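**Student:** Pasting a structure here, questions to come.
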Amino acid sequence: MGMRRVQKTIENRIECNGVGLHTGKEVLLSLNPLPPDSGIWFRRVDLPHKPYIKATANHVTQTSLCTVIGNNGSGVSTVEHLMSALAGMGIHNILVEIDAPEVPIFDGSAQHFVELLQEAGIKNQKVSSEVFALDKKFSISQEDKKITYYPNKELIVSFTIDFDHPLMKEQEYTFRFSEDNFVDEISRARTFGFLRDVEAMKKCGYARGGSLENAVVIDENGILNPEGLRYPNEFVRHKILDFLGDLYLYGMPVRGHFVVYKSGHTLNNLFIKALKNGKEEKDAHSDFQEASLSMSVNQRAFTILPA
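With my numbering, letter number 152 in the sequence shown gets 142, and the count goes up by one each step, no holes.
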């Protein structure tokens, strides 16, 4: 079933510089307004022919450590924090021009992207957009991870995480969507990971731009960041941030109550594709090409280090 809401874009072009989390490369990124019914597009201005990639689940090519979208051999990685900010601020139509293969990480949250959108100005386009919702329960699972959808006129995400660490035992948080709630409750939550996994990833050529300035890093004794946490349950809030970003790859706003247990980018994206196809799966399998990390490192990093 569908509902409708007013489409939005930004008033003015705005650009910023940053560093990619996994590549460690400098990135110049600009946000540009688009007309109604355009959707969300990325453009790799550093490549020949400056190819465009539409931000939809059908263009997701990899979900190990982050969400990557691509088309005809060109791609953009770590799109989830920017996508989450676009979802949180209700942006339907925008062109993201980028001169590198990865979106900058900034502080590991969506806060900087929210501030960029606010600075650019958010514009109502006086054209309605469909909002997707189902009228029945829908679920997908993978090993001990699960996402269940319940019909609801609002967007609600109830997320549970459970890690084998005293600081990260079972945490649950329920988020009721509004733009103000997103800014206050979710946008500042940073990505996180264990020190041992960050070191292992760097040896494999990942997390080259990772530091205490763009992630919450944890060792056996506690949090290494001198400023501590921004929220007492920052870890589960960041998982909601990632989920909202991945969910926005559906291609339009989605409404419903999502009950999520230990999910990451792979199951998030499998769920969205299943939702599009209207097909539930009890034991989902990924066809995505995963990063060439060793299995032991990859499994730990996937669950502990969402980008």
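C-beta atoms are modelled at their ideal positions from N, C-alpha and C, and glycine is treated no differently. Every value quoted in this text rests on a predicted model; they were computed, and no experiment measured them.
1. Could you check whether the Cβ of residue 165 sits closer than 8 angstroms to any Cβ belonging to chain C?
2. Go to residue 262, then tell me how far its alpha helix (DSSP H) extends in each direction, as first and last residue.
3. I'd like the list of long-range same chain contacts for residue 118, defined as Cβ closer than 8 angstroms, with 5 residues on each side in sequence excluded.
4. Any contact of the segment 206 to 223 with the segment 40 to 50, i.e. 3+ C-beta pairs under 8 angstroms?
5. Could you give the first and the last residue of the continuous alpha helix (DSSP H) run that contains residue 103?
6. Applying the 10 Å Cβ sphere with the 16-neighbour rule, what's the burial state of residue 239?
7. Here's the rule I'm using: 16 or more other beta-carbon atoms within 10 Å means buried, otherwise exposed. How should residue 154 be labelled?
8. In its own chain, which residues sit with a C-beta less than 6 angstroms from the C-beta of residue 223, not counting the 5 before and 5 after it?
9. Looking at the unbroken beta strand (DSSP E) that takes in residue 248, where does it start and where does it end?
10. Using only CA atoms, which one of 38, 135 and 123 lies nearest to residue 243?
11. Does residue 184 come out as helix, strand or coil in the three-state DSSP assignment?
12. Would you say residue 90 and residue 17 are within 8 angstroms of each other, going by their C-beta atoms?
13. Count the other CB atoms, across all protein chains shown, that sit within 10 Å of the CB of residue 125; report buried if there are 16 or more and exposed otherwise.
14. Would you kindly work out how many angstroms separate the C-alpha atoms of residue 105 and residue 111, rounded to a whole number?
15. Check residue 220 in the structure and name its three-state DSSP category.
16. Counting only the same chain and skipping the five closest in sequence on each side, list residues whose C-beta sits under 8 angstroms from that of residue 3.
17. Return the first residue and the last residue of the beta strand (DSSP E) that residue 129 is part of.
18. On the three-state DSSP scale, how would you describe residue 88?
19. So, using beta-carbon positions, are residue 81 and residue 0 closer together than 8 angstroms?
20. Would residue 202 pass as a contact of residue 95 if the rule is Cβ separation under 8 angstroms?
21. Only counting runs of 3 or more residues, tell me where the beta strand (DSSP E) segments fall wholly within the segment 128 to 166, in order along the chain.
**Tutor:** Reading from the atomic positions:
1. Given the protein chain composition of this structure (a single chain), no chain C is represented.
2. Residue mapping note: residue 262 aligns to position 272 of the sequence shown, counting from 1. 255 to 267 is the extent of the alpha helix (DSSP H) around residue 262.
3. The residue given as residue 118 occupies position 128 in the sequence shown. Contacts found: -6, -5, -4 and -3.
4. no
5. The count along the sequence shown starts at 1 and reaches residue 103 at position 113. 101 to 110 is the extent of the alpha helix (DSSP H) around residue 103.
6. In the sequence shown, residue 239 corresponds to position 249, counting from 1. So residue 239 ends up on the buried side.
7. In the sequence shown, the residue the question calls residue 154 occupies position 164. Label assigned to residue 154: exposed.
8. Against the sequence shown, residue 223 aligns to sequence position 233. Once the five neighbours on either side are set aside, the close Cβ partners of residue 223 are 161 and 163.
9. The residue labelled residue 248 in the question sits at position 258 within the sequence shown. Residues 246 to 251.
10. Translated into the one-based positions of the sequence shown, residue 243 becomes position 253. If we check each option's Cα against that of residue 243, 123 comes out closest.
11. On the sequence shown, position 194 is the one that residue 184 refers to. Residue state, collapsed to three classes: strand.
12. Position 100 of the sequence shown, counted from the start, is the residue given in the question as residue 90. Position 27 of the sequence shown, counted from the start, is the residue given in the question as residue 17. Yes; because the gap between Cβ atoms is below 8 angstroms, this pair is in contact.
13. The residue given as residue 125 occupies position 135 in the sequence shown. By the neighbour-count rule (16 or more Cβ atoms within 10 Å), residue 125 is not buried but exposed.
14. For the purposes of this step, residue 105 is identified with residue 115 of the sequence shown, where counting begins at 1. For the purposes of this step, residue 111 is identified with residue 121 of the sequence shown, where counting begins at 1. Their Cα atoms are separated by approximately 10 angstroms.
15. Mapped onto the sequence shown, residue 220 falls at position 230. DSSP places residue 220 in coil when its eight states are reduced to three.
16. Counting from 1 along the sequence shown, the entry for residue 3 is found at position 13. Once the five neighbours on either side are set aside, the close Cβ partners of residue 3 are 20, 21, 22, 23 and 110.
17. For the purposes of this step, residue 129 is identified with residue 139 of the sequence shown, where counting begins at 1. It spans 128 to 132 - the beta strand (DSSP E) in which residue 129 sits, taken as one unbroken run.
18. Within the sequence shown, the letter at position 98 stands for residue 88. Strand, per DSSP.
19. Counting from one through the sequence shown, the residue named residue 81 turns up at place 91. Counting from one through the sequence shown, the residue named residue 0 turns up at place 10. Cβ atoms of residue 81 and residue 0: closer than 8 angstroms.
20. Within the sequence shown, residue 202 is the residue found at index 212, counting from 1. Within the sequence shown, residue 95 is the residue found at index 105, counting from 1. Contact: no.
21. 128 to 132, 135 to 140, 145 to 151 and 161 to 166
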